[in-house]
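Trainee:
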Amino acid sequence: MGCAAQGCTDCRDSSGSRFCRNHTCEFFLTVERCTQPKPPEDSACRNHMRCPQMPCNKAKTQDANGKRAKFCSDHECSVSTCPELRSVYQPNQYRPYCRNHACRIATCHERASAPHFYCQEHKCTAVNCGQQALNPLGLCRDHNKCTRQGCNNQRDRNQILCSDHLRCETLGCIRQKSAGSSHCQNHTCRIRSCANSSGDGFQYCGAHRCEADNCGECRTIAGTRFCINHSCEKSGCREPRGNPGHYCAARKKMPFVSKWPGS
0 MGCAAQGCTD CRDSSGSRFC RNHTCEFFLT VERCTQPKPP EDSACRNHMR
50 CPQMPCNKAK TQDANGKRAK FCSDHECSVS TCPELRSVYQ PNQYRPYCRN
100 HACRIATCHE RASAPHFYCQ EHKCTAVNCG QQALNPLGLC RDHNKCTRQG
150 CNNQRDRNQI LCSDHLRCET LGCIRQKSAG SSHCQNHTCR IRSCANSSGD
200 GFQYCGAHRC EADNCGECRT IAGTRFCINH SCEKSGCREP RGNPGHYCAA
250 RKKMPFVSKW PGS
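Take 0 as the starting number for the sequence shown in numbering that gives the first Met the number 0 and just add one per residue.
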């Protein structure tokens, strides 16, 4: 039998269509069983040329052979080889990419960094990790763990340690550690190269603090035990001066020669 399209004398298509191959809509071969004729230069009838996304009336995109895509250019994924629908981020508003190619952050319009699910901005910056970045350092939960060995806590904001390991190690103190020290500013020894705790109420640690009772002053020089006010004035002596006096008990009978004229 002849094609039912007006003016066409070709034979009907063997698929059972009322039209010839050139006039049979490609949707006749689907569950829709479309019975409308198509133009010979197209793959679909007028109804199936239109983008199916309501209320869109634009034509579906078409390749050089006349084959129609699933959607129009406004609704088709921006990846050139992908025919799928763009993902929705608000009613009737679409992102440039389909769900398979869009960053998994719902408000992001960037393409996922294949083979991962997030774009460069939102994926973890650790090598070969594609998980979502959760902090300003760009790390996921697994890579944002405290760097102290054996600790699984999450790092504190913009830090490489968790809040537990950033806290001053002086018992009872909750202040944050000073850089390079295990203690806060109030509890770090004032000797620049020392990171020991000064303890409560003192400025120097036990290794740099005068050993005299209730004295918190710094020892005079390395190897001495007392500050300038409590050290025996005999050169090289590590013993405390007597009270009163300028020398230790062993040297208290030595004549006093002042180091400061006029004293």
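Glycine included, each C-beta is placed from N, C-alpha and C at the ideal position.
1. Let me know the secondary structure DSSP gives Ala248 once reduced to three states.
2. Which whole-angstrom value describes the C-beta separation of His207 and Arg218, a residue pair presumed to lie in contact below a C-beta threshold of 8 angstroms?
3. Around the C-beta of Thr146, are 16 or more other C-beta atoms found within 10 angstroms, so that it is buried, or is it exposed?
4. Thinking C-beta only, is Gln92 closer than 8 angstroms to His74?
5. Are the beta-carbon atoms of Tyr246 and Cys226 separated by less than 8 angstroms?
6. Quick check for students: name the residue ranges of the beta strand (DSSP E) that lie wholly in the region 56-117, counting only runs of 3 or more.
7. Answer yes or no: do Cys50 and Phe70 have a C-beta to C-beta separation smaller than 8 angstroms?
8. Do you know whose CA, among Ser13, Thr60, Phe18, lies nearest Cys7's CA?
9. Can you find a CB in chain D that lies within less than 8 angstroms of the CB of Gly149?
10. Going by DSSP, what residues sit across from Cys10 in a beta bridge?
11. Using C-beta distances below 8 angstroms, list every residue in its chain close to Lys258, excluding the 5 sequence neighbours before and after it, in chain order.
12. Identify the residues that DSSP records as bridge partners of Lys122: which are they?
13. Going by the DSSP bridge assignment, what does Ser230 pair with across the sheet?
14. Within the continuous alpha helix (DSSP H) that includes Arg45, where are the two ends?
15. Which one of Gln119, Asp12, Ser16, Gly171 has the shortest CA to CA distance from Cys33?
16. Is the beta carbon of Cys118 less than 8 angstroms from the beta carbon of Cys102?
Mentor: According to the structure shown:
1. helix
2. 6 angstroms
3. exposed
4. no
5. no
6. 85-89, 92-97
7. yes
8. Phe18
9. Absent from the structure is chain D; it holds one protein chain and no more.
10. Gly1
11. Note that Lys258 scores 48 on pLDDT, short of 50, meaning its location in the model is unreliable; the coordinates nonetheless yield the value given after this. So the list reads Glu232, once near-sequence residues are dropped.
12. Gln131
13. Pro239
14. 45-48
15. Ser16
16. yes
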